[in-house]
Ligand code: HEC
Ligand code: HEC
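Residue numbers (the numbering used here): 8 to 276.
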């Protein structure tokens, strides 16, 4: 029984890995359309047609949103404006700024929360934020506070709020950790245990793999305590909302000490 389960797990991991590697190639040449998923394929073709016009208006439009926001307490990563637009998803970040009042009390004015158990949202993919809120609402991911918050948000407001958080200066760690165990697992995984390297999916610095692929969240620079909490939740099966259970499969062969090392390393990126 266990063997069959492991084989199935391995197949899923491999399938996701192949998809993600295909998507990774896009990062190098974003112009070449190479669909990573049905969703992003749709968006891509739209982008391919509308690209020149969209990119021309993007800087002026987006510059307005982050300008009103207070400075982040941590340094941020520079992301090109047209890439931020892709990462934001379908919502309107300007409309989202006021609507996000509901969230800023906990997640921070600039999307950088003070409480290490409340995730930073600054620079996170818009569609990932929206997916998580809908998962809380549908109890695919459980948390008392977020479940209650999620129940009250309409789809349009959620899209706008999510886009607003994406446009904020992206989360970044204060100091790069020299945790070797964490760094090695993040970059190389452990093939002897079929642990796929984290950066295959989450991108070389944990900032996501590709502006069009919101399936893989930004994790680099996230709070260490929050990261460790989520990794433990995936390991214990308390959180089960990753597609195909991919995160449960990824962490189940890692020790608690290794997860701690990973959280330490990733939070510094
Ligand atoms: C009272 C505090 C509070 C408020 C208000 C709040 N959140 Fe949260 N949020 C949390 C906490 C705590 C978590 C971590 C829950 C967990 O561990 O699963 C969280 C998690 C999240 C996540 C998951 C992030 C990730 O990286 O997976 C998203 C997305 C999110 N909140 C969005 C929102 C949005 C959008 C709003 C406003 C509509 C909001 N939150 C309002 C406390 C809050
Ligand atoms: C095969 C692809 C894949 C690999 C490899 C992978 N992840 Fe993930 N990870 C995902 C996906 C997909 C999600 C989003 C799940 C969801 O939609 O809720 C995720 C979510 C997460 C989250 C939750 C983020 C948040 O904001 O709540 C953390 C933390 C995380 N991964 C850490 C890691 C670490 C550390 C590794 C390496 C040991 C790793 N991941 C390897 C695909 C992957």
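No residue lacks a Cβ here, since even glycine has one placed at the ideal position from N, Cα and C.
Cβ pair count under 8 Å reaching 3, the segment 127-142 against the segment 167-186: yes
Could you check which residue in 163, 132, 274 and 260 has the C-alpha nearest to that of residue 217? The residue given as residue 217 occupies position 210 in the chain shown. Minimum Cα distance to residue 217 is reached at 132.
Status (buried if at least 16 other CB within 10 Å, exposed otherwise) for residue 161: Reading the chain shown from its first residue, position 154 is the one you call residue 161. When all chains shown are included, residue 161 counts as exposed.
From residue 247 to residue 215, what distance separates their C-alpha atoms? Here the question's residue 247 lines up with position 240 in the chain shown. Here the question's residue 215 lines up with position 208 in the chain shown. Computed Cα separation, rounded: 20 Å.
Would you say residue 131 touches ligand 1, meaning its beta carbon is less than 8 Å from a heavy atom? In the chain shown, residue 131 corresponds to position 124, counting from 1. Yes; taking the cut-off as 8 Å, the Cβ of residue 131 has a heavy atom of ligand 1 nearer than that.
How many Å lie between residue 134 and residue 221 at the Cα? Start at 1 with the first residue of the chain shown, and residue 134 comes out as number 127. Start at 1 with the first residue of the chain shown, and residue 221 comes out as number 214. The alpha-carbon atoms of residue 134 and residue 221 are separated by roughly 6 Å.
Roughly how many angstroms lie between the CA atoms of residue 262 and residue 178, to the nearest whole one? Mapped onto the chain shown, residue 262 falls at position 255. Mapped onto the chain shown, residue 178 falls at position 171. Going from the Cα of residue 262 to the Cα of residue 178 covers about 27 Å.
How about residue 126 and residue 231: do their beta carbons lie closer than 9 Å? Along the chain shown, one-based indexing puts residue 126 at 119. Along the chain shown, one-based indexing puts residue 231 at 224. No. Outside cutoff.
With DSSP as the reference, please indicate the residues paired to residue 84 in a beta bridge. Position 77 of the chain shown, counted from the start, is the residue given in the question as residue 84. Per DSSP, 177.
Nearest to residue 85 by CA position, among 259, 255, 173 and 152, is which residue? Your numbering for residue 85 matches position 78 in the chain shown. Of 259, 255, 173 and 152, the residue nearest in Cα terms is 173.
Which of the three DSSP states, helix, strand or coil, is assigned to residue 197? In the chain shown, the residue the question calls residue 197 occupies position 190. Three-state DSSP puts residue 197 in a strand.
Regarding residue 150 and ligand 2, is the C-beta to nearest heavy atom distance less than 8 Å? The sequence position of residue 150 within the chain shown is 143, counting from 1. Checking every heavy atom of ligand 2 against the Cβ of residue 150, none is found closer than 8 Å.
Starting from the C-beta of residue 128, find all residues in its chain whose C-beta is less than 7 Å away, skip the five residues before and the five after it, and write them out in chain order. Position 121 of the chain shown, counting from 1, holds the residue named residue 128. 114, 118, 136 and 172, listed in sequence order.
What is the rounded straight-line gap between the Cα of residue 271 and the Cα of residue 242? Residue numbering aside, residue 271 sits at position 264 when the chain shown is read from its first letter. Residue numbering aside, residue 242 sits at position 235 when the chain shown is read from its first letter. Their Cα atoms are separated by approximately 17 Å.
In angstroms with no decimal places, state the Cα-to-Cα distance between residue 110 and residue 199. Residue mapping note: residue 110 aligns to position 103 of the chain shown, counting from 1. Residue mapping note: residue 199 aligns to position 192 of the chain shown, counting from 1. The alpha-carbon atoms of residue 110 and residue 199 are separated by roughly 43 Å.
When DSSP labels each residue in this structure, what does residue 211 get in the three-state scheme? Translated into positions along the chain shown, residue 211 becomes position 204. Three-state result, residue 211: coil.
Can you name, in chain order, every residue of its own chain whose Cβ lies under 6 Å from the Cβ of residue 205, other than the five neighbours on each side? The count along the chain shown starts at 1 and reaches residue 205 at position 198. Here the set comprises 193.
Could you give the first and the last residue of the continuous alpha helix (DSSP H) run that contains residue 255? Residue numbering aside, residue 255 sits at position 248 when the chain shown is read from its first letter. Segment 253-259, the alpha helix (DSSP H) holding residue 255.
Need the endpoints of the alpha helix (DSSP H) that residue 127 sits in, please. Residue 127 sits at position 120 when you count from the first residue of the chain shown. That residue, residue 127, is in no alpha helix (DSSP H); it is neither H nor E in DSSP.
Taking the CB atoms as reference points, tell me whether residue 196 and residue 276 lie closer together than 9 Å. Along the chain shown, read from residue 1 onward, the residue named residue 196 stands at position 189. Along the chain shown, read from residue 1 onward, the residue named residue 276 stands at position 269. Not closer than 9 Å, so no.
Within this structure, are the beta carbons of residue 227 and residue 210 separated by less than 9 Å? For the purposes of this step, residue 227 is taken as residue 220 along the chain shown, with counting starting at 1. For the purposes of this step, residue 210 is taken as residue 203 along the chain shown, with counting starting at 1. Yes.
Roughly how many whole angstroms lie between the Cα atoms of residue 259 and residue 267? One-based indexing of the chain shown puts residue 259 at position 252. One-based indexing of the chain shown puts residue 267 at position 260. If you take the alpha carbons of residue 259 and residue 267, they lie about 14 Å apart.
Hey, would you say residue 203 sits closer than 9 Å to residue 149, going by beta carbons? In the chain shown, the residue the question calls residue 203 occupies position 196. In the chain shown, the residue the question calls residue 149 occupies position 142. For residue 203 and residue 149, no; Cβs fall outside 9 Å.
Look at the alpha carbon of residue 155 and the alpha carbon of residue 99, and state the distance between them as a whole number of angstroms. What you label residue 155 is simply residue 148 of the chain shown in a count that begins at 1. What you label residue 99 is simply residue 92 of the chain shown in a count that begins at 1. Each residue's Cα considered, the two are about 24 Å apart.
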